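J.: Input: one structure, supplied below.
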Amino acid sequence: EAGVAQSPRYKIIEKRQSVAFWCNPISGHATLYWYQQILGQGPKLLIQFQNNGVVDDSQLPKDRFSAERLKGVDSTLKIQPAKLEDSAVYLCASSLDVVNTGELFFGEGSRLTVL
Amino acid sequence: AQSVAQPEDQVNVAEGNPLTVKCTYSVSGNPYLFWYVQYPNRGLQFLLKYITGDNLVKGSYGFEAEFNKSQTSFHLKKPSALVSDSALYFCAVRDKATGGFKTIFGAGTRLFVKA
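As you go down the protein sequences, you meet chains Z and H in turn.
Quick note: the first sequence, position 94, residue 94 per the working numbering, numbers continuous.
Quick note: the second sequence, position 30, residue 1030 per the working numbering, numbers continuous.
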């Protein structure tokens, strides 16, 4: 079974530039998550999709971050414009269903450095 | 609101000795509890979970965890540590939030196993 795919693995940009991250979840997984992991901290949920609908985006900085999951499969997370404090690893995860008791399956992450 | 705490930033143990990584939680309803491990430059990997039933749950790589409702704890344990167990460990809790279940992660505990 193929895992959660993310790209790019690494990205370096200057502040005020834009960046986009892509995620392809495990086939058949209805729920997709984007987490932000700042160095030394635990992952923080940014947004959670159930199929192509948003379940929770309460911690997404909507003035600069946006995310979409067209057709309920792949997802893209965009940051525009980036700030220094956005430097982090962006983790995508998926699970079978939002209500189930199963675990999350994570991709390897996209490490963003903002200079 | 749900929360999870990992009181130790780092745990050091000698190879062959038992290890414990601590976790306490706070939820409004019945908790679903998880442990994940993260190796350098990798995403999180699921280790084990408690949903209901036996308070002692067993997981991958010889790890186990004990659910204690009265102490609201879910400590991760292993009878005999290996050098290869050295990694970052995250406790997570899931509670019903608006629109579905949200998984919240602790700040993580770094485990060092010395040969």
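All C-beta atoms in this analysis are idealised placements derived from N, C-alpha and C, irrespective of residue type, glycine included.
It should be emphasised that the depicted structure is a prediction, and the values quoted were computed from it without experimental measurement.
Quick check on the burial criterion: 16 or more other C-beta atoms within 10 angstroms. Buried or exposed for H:Arg-1094?
T.: Classification of H:Arg-1094: buried, given that the 10 Å Cβ count is 16 or more.
J.: Could you check whether the stretch 1051-1058 of chain H touches the stretch 1010-1023 of chain H, counting it as contact only if at least three pairs of C-beta atoms, one from each stretch, sit closer than 8 Å?
T.: No, the stretch 1051-1058 of chain H does not touch the stretch 1010-1023 of chain H.
J.: Taking Z:Asn-52 as the reference, which of Z:Ser-7, Z:Leu-60 and Z:His-29 has the closest Cα?
T.: Closest by alpha carbon: Z:His-29.
J.: Pair every Cβ in the stretch 97-112 of chain Z with every Cβ in the stretch 1038-1055 of chain H, then say whether three or more of these pairs are closer than 8 Å.
T.: Output reads yes: the stretch 1038-1055 of chain H touches the stretch 97-112 of chain Z.
J.: Can you check whether the CB of H:Val-1004 is closer than 8 Å to the CB of H:Gly-1108?
T.: No, the Cβ-Cβ distance between H:Gly-1108 and H:Val-1004 is not below 8 Å.
J.: List, in chain order, every chain Z residue whose beta-carbon is nearer than 7 Å to that of H:Lys-1058.
T.: The premise fails here: H:Lys-1058 is roughly 15 Å from chain Z at the closest Cβ pair, so nothing lies under 7 Å.
J.: Please compile the residues from chain Z whose C-beta is within a distance smaller than 8 Å of the C-beta of H:Thr-1103.
T.: Chain Z residues near H:Thr-1103: Tyr-33, Leu-45 and Leu-104.
J.: According to the neighbour-count rule (16 or more other Cβ atoms, all chains shown, within 10 Å of its Cβ), is H:Ala-1065 buried or exposed?
T.: That one is buried.
J.: Going along the stretch 1069-1095 of chain H in order, which residues come within less than 7 Å of chain Z, judged by CB to CB distance?
T.: Cβ contacts with chain Z: Phe-1090.
J.: Could you give the distance in angstroms between the alpha-carbon of H:Pro-1079 and the alpha-carbon of Z:Tyr-33?
T.: Whole-angstrom Cα-Cα distance: 34 Å.
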